[in-house]
Each structure stands twice: as structure tokens, then as C-alpha cells.
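Trainee: To convert a position in the sequence shown, counted from 1, into the working numbering, add 248.
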Amino acid sequence: MSLPAILAAARPTATGLVATITEEWMQGRTSYGGLSSALALEAARQVADDLPPLRSATINFVGPLAGEVEVATRVLRRGRNATWIAAEVTSEAGIGLTATFVFMGPVESSLHLHDAPPPQGLIPVDEAAVLPEHLGPLFTRNFERRFAMPRGDDKVPELVWWVRLKERAGIDPMVELLLCADALPPGVMPLMSKTTAVSSMTWIVNLLTPAPVSRDGWWLLRAAGNYAEHGCSSQDMGIWNADGEAIAAGMQSIALFG
249 MSLPAILAAA
259 RPTATGLVAT
269 ITEEWMQGRT
279 SYGGLSSALA
289 LEAARQVADD
299 LPPLRSATIN
309 FVGPLAGEVE
319 VATRVLRRGR
329 NATWIAAEVT
339 SEAGIGLTAT
349 FVFMGPVESS
359 LHLHDAPPPQ
369 GLIPVDEAAV
379 LPEHLGPLFT
389 RNFERRFAMP
399 RGDDKVPELV
409 WWVRLKERAG
419 IDPMVELLLC
429 ADALPPGVMP
439 LMSKTTAVSS
449 MTWIVNLLTP
459 APVSRDGWWL
469 LRAAGNYAEH
479 GCSSQDMGIW
489 NADGEAIAAG
499 MQSIALFG
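(1) Here's the rule: buried if 16 or more other CB atoms are within 10 angstroms of the residue's CB, otherwise exposed. What is ARG394?
(2) Figure out for me which residue from ALA262, THR263, ALA288, ARG277 has the closest Cα to the Cα of LEU251.
(3) Out of THR306, THR346, ILE502, GLU424, point me to the one whose CA is closest to GLU415's CA.
(4) Residues in its own chain within less than 6 Å of GLY353 by CB, not counting five upstream and five downstream?
(5) Straight-line CA distance for VAL453 to ASP401?
(6) Determine, using beta carbons only, whether GLY473 and PRO380 come nearer to each other than 8 Å.
(7) Run the CB neighbour count on THR261, radius 10 Å, all protein chains shown included, and call it buried at 16 or more, exposed below.
(8) Contact between the region 350–370 and the region 486–495 is defined here as three or more beta-carbon pairs at a separation below 8 Å; is this criterion met?
(9) State buried or exposed for CYS480, treating a residue as buried only when at least 16 other CB atoms are found within 10 Å of its CB.
(10) Secondary structure at PRO398, three-state DSSP: helix, strand or coil?
(11) Beta strand (DSSP E) containing ARG412: first to last residue?
(12) Entirely within the region 458–493 and at least 3 residues each: give me those beta strand (DSSP E) ranges in chain order.
(13) Could you give the distance in angstroms between the alpha-carbon of PRO312 and the alpha-carbon of ALA341?
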């Protein structure tokens, strides 16, 4: 099932929704993190009709999620400019994900800083080589993926890909962005054995625009590892649209089992 189909089949509850994570969205024994995060955001968006744009998300990947899941939300605080909403996704196995979303409207400011350029040497999306569809976990079949940087001789802890969701009609743009934003393997993956298991633990996403838009649905994703010791890795993450405009910045901690 595509995300539009999953959302169409979801059942509303008093505090959120109940949805089914199908096999094609799995990553090992748990849901693809972008999907479970997108479900949490979709439920949070339904708390009120007049929420301002999403500006930040803090997500914890607590345990495995599969099959029928329930998303429960609650308002932590609603101020004059910003609203904090917590979401919890659970399945038969227990809590799988917790998230805090911050929605905030524009305010007057004298500071204007835009220092988030895309990586240099990018291959335009129309010229980029396509990743074989069979490479990666099951959930990757829901995306089109292309290499965004020339292949180099040296292995570096960085991945830069073009990513586009195959079926996205009717999805809120911010939900679509969060769904796509976690589609890269860890940035340190080029330095690792192919058999090494990995698991995301925490994820912070800061939105650099109140309305994410990209030409033809393509997003440029970058994951750059900066630390890996004793089974823990930290990475910086960035997202740009097809025209090179900065859309989001983030950080993720990842467990490395090997």
C-alpha cells in the first residue's frame, strides 16, 4: 500500500488514528522510520484546523513497529505563536516511536541568515544515475532514487542522493517531506561492512521553510557521518529542493551493530 492508501484506510480515534503498516514499508523487523514519523505527523496535524506550519520535529525510535499501530497525540502547550504536540505510536509490541512537533507562525525579526548551501559538484537530477530498485530494504521500492554526486575513489562517510516518492497524490507536503527525509542509509555506511545491522535511535529535523515545494517531487538528501565509536554514530542531515533551496536540516543518532 502507498502512503495515500494507508491514510485513506486509517481509522480516526479520539486522540489520533489507527493505521496499518504493511510489509512493503518494512525495514528489517520494524517500520521504515520515515513512514512511522509521517503517521505521527499526520495525526498531530489533525489536532486543530488552524495550526501554523511545522518548524521542528524531535523523534525517538523506541522499538519495532509493524502491522496495526495506534497514534495517540496530545497538546503539550499552545502559545500565541507556537504549539507543541506530542505523538506516540504503539503496536502489540508496545511503544515504537515518540515525537514532539513544534508548529510556529511567522514573527517579526531583524535577523536574516541563509547559510545552508547544497553540496558542491552535484549531478543534476535529470542526468543522475538511477539506483537499482532491488538494492536496500523493502521500503525503498516506494521511492525513486538517483546518485547525486560523482563516484569517487576514496570512501567517505557521506551519502548524497536524489529521492522522489512514487505515489504522493493528496499527501500534505510536510508529511511527504518527513516521509522522504529518512530515506538514506547512514552516512557512515560506505565505510562499513555490507552485513552490518544499523538502527536509528533519535532524529531531529528543523524546517527551513514553512511550505516545502520541489520541482517534480525530487528532493536532494545528504547524510554526513561525523562520529562513530562503541556502536554509536552521529550524523548531520540536509534536504534541498530540485532548485537548490534549503528545505530542512537535521541530526540523527544511529546504533551500529558491528
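Note that beta-carbon positions come from the ideal geometry of N, C-alpha and C, so glycine has one too.
Mentor: Based on what the coordinates show:
(1) By the Cβ-count criterion, ARG394 is buried, with 16 or more other Cβ atoms from all chains shown falling within 10 Å of its own Cβ.
(2) Of the listed residues, the one whose Cα sits closest to LEU251 is ALA288.
(3) For the residues THR306, THR346, ILE502, GLU424, the minimum Cα distance to GLU415 belongs to GLU424.
(4) Only PRO300, ASN329 meet the Cβ criterion.
(5) Cα to Cα, the separation comes out at about 31 Å.
(6) The beta carbons of GLY473 and PRO380 sit no closer together than 8 Å.
(7) Counting Cβ neighbours within 10 Å, THR261 comes out exposed, since fewer than 16 surround it.
(8) Yes, the region 350–370 touches the region 486–495.
(9) Burial call: exposed.
(10) It is coil, neither helix nor strand.
(11) It spans 406–413 - the beta strand (DSSP E) in which ARG412 sits, taken as one unbroken run.
(12) Qualifying beta strand (DSSP E) stretches, in chain order: 467–477, 480–489.
(13) ALA341 has its alpha-carbon roughly 7 Å from the corresponding atom of PRO312.
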